[in-house]
Amino acid sequence: MERSIGRIAIGAVVAFLLQIVAAPNIAVAGAQPNFALAYVLVVAIVRPDEAGNVMPFLLGLACDLMGTGPVGAEAFLFTLASFGASRAFMVLDNDTLFMPLAIFSAATLLVELSYGCLLMLLGLQASFADAFMYRVLPCSLFTIVVGLVLYPILMRLLRVGQMTRGAGIPVIR
Amino acid sequence: MALNFQQRGRSGASSGLLALFLAVSLILVIIYTREGDVGPLHRAQATMSGLLAPVQMAGAPVGAATAQMQDVVVDATVDEESLSALREQNRQLVAQYAQGEEDRLEAERLRGLLGLKDAYEMEGVAARIIGRSTQAWSQTVTVDAGSAEGVDAGQTVMGATGVVGQVIDVADHSATVRLLTDPNSGAAAMVQSSRAEGIVRGSLEGLLYLEDVAADKQVSLGDVVITSGLGGSYVKGLIIGTVAKIDMRQGDSLRRIVVAANDAPELLEEVFVVFTVGAEDAAAVSASTHRERVRQQQAAAQGDGQGSSDDAAASGEGSGGGSGDDADDGAESGGGDQGGSAGDAAGDQSGDTGAGSQGAEDGQSGDEGVSAGEGGDR
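Chains as they are written, first to last, in this note's numbering: chain B, 1 to 173; chain H, 1001 to 1378.
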């Protein structure tokens, strides 16, 4: 338990560093991936029962402080998205790759969309269509790609030590 | 039963924590939106950006590699027609290269003599860019000069050839600059030749727009756009870019103009934070600087014994407009390669947004002397 929390914390630091070092430099046409969001959501899906609220909140707050948007917005959305994704996965998991991917994608799109809407509410000079076409959609796709890479890695790292179950054995909840 | 109770207890604590964090987040957002630009949360943001900006520099090689990859993808997907056009342009470019190299060397010497700073009699501080925005929603950079160096919020920031943005947050030894391409930016500006006024705004697609320009004012492709100084947020008379495209529907009383920025934000490495400009005589100084430059170019052209073709090329480098008008205005110093880089930027920007050919053509038509190859080479 403590070991996995330590791993999650280290992963959060790495995600934050990737966000400030790599994300601005791999931007394509202004769209960049959100490593922090991808990490928060993948952890919520990989460890739905242990994914707490502290890491998403702190990671979101750190991202807020590094950016120029409203402080607290990403902290709010990360916390909410992490909670929602973990609960959705606990209910909907059907032991296929589709469900985590669907939950991850939906949560990413919702977070990006909500963040964009919040910025527009606070005075961002852009139309909803522009915001969706030029930021929400490309950033979400970029983040989903990052999530696809992160998911197997974190599956391996965070599920080490957990009892593995054989194929075909149902999950009892 | 006991286990169930324990789980229920944990779940309750977790829900409480969730509610607490959500409440704290919302309170932070409300405080942030209500506090001024110098509020504690804004200050915390500026300080964090300054502290972690050096870490961001570690990603520079990644950025270079990404840019190269994008070029490779673009190059690999061109069709045969584009390839032929590019070959033809390449042939022309090779022919122009020798002349261009001469012009470049001359421009460098002139820049050394009549640098932007001296031309405008600017007081300020040069700063290196040490970080870029970590969020896709904003176009900002962090520079390594802050309040200790005299930088203050609201000051204009210049690139090598024109205005690039404005300081929005300041820490002790760093400052955050909102680029003109940020959707939240806004600079009162005007078209140099016709004095048509409007507001230059950034956009999410990365283009600069000069909005609210009266339809009855004459505006042509290649016209120079400068800050008008209205509202006091930007210093008057500094060059922003050139007109790359004019959007107008019949019956509209206002036009929207696409401006090709003089400095491509993604290529910026150093900037100059302007404290003051010799405001009262800036226009006169710049006009005389411009006249002096034209005189030198003519003298050089005559000295080389090269006829009117060189003159045409030299005068085409500026704004693409008449030199008489340009000389009257102050924003034209350094125009030697401003025109060229503007055409370049037009191709650059519109290439990024999928409207490449139009932007490139616009860049070319605005400045035939220099940018014929620049738009096409993207």
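The C-beta atom is built at its ideal place from N, Cα and C for all residues, glycine as well.
Q) Does the beta carbon of H:A1044 sit closer than 7 angstroms to a beta carbon anywhere in chain B? A) Numbered from 1 along the second sequence, position 44 holds the residue referred to as residue 1044 of chain H. When Cβ-Cβ separations below 7 angstroms define contact, H:A1044 makes contact with chain B.
Q. Helix, strand or coil: how does DSSP classify H:R1201 here?
A. Sequence index remark: in the second sequence, residue 1201 of chain H carries index 201 (1-based). Three-state result, H:R1201: strand.
Q: Give the secondary structure of H:R1230 by DSSP, where H, G and I count as helix, E and B as strand, and everything else as coil.
A: Your numbering for residue 1230 of chain H matches position 230 in the second sequence. In the sequence on display, residue 1230 of chain H carries Leu and not Arg. Collapsing the DSSP output to three states places H:L1230 in a helix.
Q: Could you pull the start and end residues of the beta strand (DSSP E) that H:M1048 belongs to?
A: Here residue 1048 of chain H refers to the residue found at position 48 of the second sequence. Note, H:M1048: premise wrong, no beta strand (DSSP E); alpha helix (DSSP H) at 1040–1056.
Q. In whole angstroms, what separates the C-alpha of B:I20 from that of H:R1091?
A. Your numbering for residue 20 of chain B matches position 20 in the first sequence. Your numbering for residue 1091 of chain H matches position 91 in the second sequence. Distance between the alpha carbons of B:I20 and H:R1091 is about 42 angstroms.
Q: Taking only heavy atoms of the ligand FAD into account, decide whether any of them is closer than 6 angstroms to the Cβ of H:Q1139.
A: In the structure on display, the ligand FAD does not appear, and there are no ligands present to speak of.
Q. Is there a Cβ from chain B that is less than 7 angstroms from the Cβ of H:T1156?
A. Stepping through the second sequence from its first residue, residue 1156 of chain H is reached at position 156. Taking 7 angstroms as the threshold, the shortest C-beta distance from H:T1156 to chain B does not fall below it.
Q: Tell me, please, whether the stretch 52–61 of chain B touches the stretch 1154–1166 of chain H by the rule of three or more beta-carbon pairs shorter than 8 angstroms.
A: With a cut-off of 8 angstroms, the stretch 1154–1166 of chain H and the stretch 52–61 of chain B do not count as touching, because too few Cβ pairs lie within range.
Q. Quick one: which chain B residues come within Cβ less than 9 angstroms of H:G1206?
A. Locating residue 1206 of chain H in the second sequence gives position 206, counting from the first residue. For H:G1206, the neighbours in chain B by C-beta distance under 9 angstroms run, in chain order, A29, G30, Y134.
Q. Could you give the distance in angstroms between the alpha-carbon of B:I8 and the alpha-carbon of B:P56?
A. Indexing the first sequence from 1 puts residue 8 of chain B at position 8. Indexing the first sequence from 1 puts residue 56 of chain B at position 56. Spanning the two alpha carbons is a distance of roughly 11 angstroms.
Q: Measure how close the beta-carbons of H:V1151 and H:A1175 come, nearest whole angstrom, since I'm counting them as under 8 angstroms.
A: By 1-based counting over the second sequence, the position of residue 1151 of chain H is 151. By 1-based counting over the second sequence, the position of residue 1175 of chain H is 175. Contact holds; Cβ gap of about 5 angstroms.
Q: Measure the alpha-carbon distance for H:I1239 versus H:V1029 and round it to whole angstroms.
A: On the second sequence, position 239 is the one that residue 1239 of chain H refers to. On the second sequence, position 29 is the one that residue 1029 of chain H refers to. Distance from the CA atom of H:I1239 to the CA atom of H:V1029, rounded to whole angstroms, is 36 angstroms.
Q.
Please tell me whether H:P1183 has its Cβ less than 7 angstroms away from any Cβ of chain B.
A. The count along the second sequence starts at 1 and reaches residue 1183 of chain H at position 183. With 7 angstroms as the cut-off, H:P1183 counts as an interface residue toward chain B.
Q) So what's B:I26 in DSSP terms, helix, strand or just coil? A) Working through the first sequence from its first residue, we reach residue 26 of chain B at position 26. In the structure shown, B:I26 falls within a coil segment according to DSSP collapsed to helix, strand and coil.
Q: Please say whether H:G1124 and H:L1268 have beta carbons closer to each other than 7 angstroms?
A: As a position in the second sequence, residue 1268 of chain H is number 268, starting the count at 1. As a position in the second sequence, residue 1124 of chain H is number 124, starting the count at 1. Going by C-beta atoms, H:L1268 is not nearer than 7 angstroms to H:G1124.
(Q) Beta-carbon within less than 7 angstroms of H:D1144's beta-carbon, same chain only, minus the 5 sequence neighbours each way: which residues are those? (A) Here residue 1144 of chain H refers to the residue found at position 144 when the second sequence is read from its first residue. Excluding residues within five positions, the ones whose Cβ falls inside 7 angstroms are A1127, R1128, I1130, H1173, S1174.
Q: Indicate whether H:V1219 and H:S1253 have their beta-carbon atoms separated by less than 7 angstroms.
A: Taking the second sequence and counting its residues from 1, the one referred to as residue 1219 of chain H is at position 219. Taking the second sequence and counting its residues from 1, the one referred to as residue 1253 of chain H is at position 253. Not closer than 7 angstroms, so no.
Q | Closest Cα partner of B:E112 within the set H:W1137, H:E1101, H:A1260 | A | Taking the first sequence and counting its residues from 1, the one referred to as residue 112 of chain B is at position 112. Answer by Cα proximity: H:W1137.
Q. With a cut-off of 7 angstroms, does the C-beta of B:D49 fall near any C-beta of chain H?
A. In the first sequence, residue 49 of chain B corresponds to position 49, counting from 1. For B:D49, the nearest beta carbon of chain H is not closer than 7 angstroms to its own beta carbon.
Q) Which residues, in order along the stretch 1131–1148 of chain H, keep a beta-carbon less than 9 angstroms from a beta-carbon of chain B? A) Those would be G1131, R1132, S1133, T1134, Q1135, A1136, W1137, S1138, Q1139, T1140, in chain order.
Q: Quick one: residues in its chain with C-beta nearer than 8 angstroms to the C-beta of H:G1321, no 5 flanking neighbours on either side, listed in chain order?
A: On the second sequence, residue 1321 of chain H is found 321 positions in, with the first residue counted as 1. Here H:G1321 scores only 37 on pLDDT, less than 50, and its place in the model is too uncertain to base an answer on.
Q. Where does B:R47 land, buried or exposed, given buried means 16+ other C-beta within 10 angstroms?
A. Counting from 1 along the first sequence, the entry for residue 47 of chain B is found at position 47. Using a 10 angstroms sphere on the CB of B:R47, the tally of other CB atoms reaches 16 or more, which defines it as buried.
**Q.** Within-7 angstroms CB hit, H:V1073 to chain B
**A.** Taking the second sequence and counting its residues from 1, the one referred to as residue 1073 of chain H is at position 73. When Cβ-Cβ separations below 7 angstroms define contact, H:V1073 makes no contact with chain B.
Q | Pairwise C-alpha distance: B:Q125 and H:V1170 | A | Against the second sequence, residue 1170 of chain H aligns to sequence position 170. Against the first sequence, residue 125 of chain B aligns to sequence position 125. If you draw a straight line from the Cα of H:V1170 to the Cα of B:Q125, it is about 23 angstroms long.
Q: Find out if the Cβ-Cβ distance for the pair B:F76, H:S1025 is shorter than 7 angstroms.
A: If you number the first sequence from 1, residue 76 of chain B lands on position 76. If you number the second sequence from 1, residue 1025 of chain H lands on position 25. Yes.
(Q) Could you give the first and the last residue of the continuous alpha helix (DSSP H) run that contains B:F57? (A) As a working mapping, residue 57 of chain B is identified with position 57 in the first sequence. Counting along the chain, the alpha helix (DSSP H) containing B:F57 begins and ends at 54–66.
Q) Can you list, in chain order, the residues of its chain whose CB lies under 7 angstroms from that of H:A1196, leaving out five sequence neighbours each side? A) Within the second sequence, residue 1196 of chain H is the residue found at index 196, counting from 1. Spatial neighbours of H:A1196 in its own chain (CB-CB distance under 7 angstroms, excluding positions within 5 residues in sequence) are listed in chain order as M1190, V1213, A1214, K1217, V1219.
Q: Measure from the alpha carbon of H:L1051 to the alpha carbon of each residue in H:L1018, H:E1035, H:E1088, H:T1142, then state which is nearest.
A: On the second sequence, position 51 is the one that residue 1051 of chain H refers to. For H:L1051, the nearest C-alpha among the options comes from H:T1142.
(Q) For B:G72 and H:I1031, what's the separation of their Cα atoms in angstroms? (A) Locating residue 72 of chain B in the first sequence gives position 72, counting from the first residue. Locating residue 1031 of chain H in the second sequence gives position 31, counting from the first residue. Cα-Cα distance, rounded: 9 angstroms.
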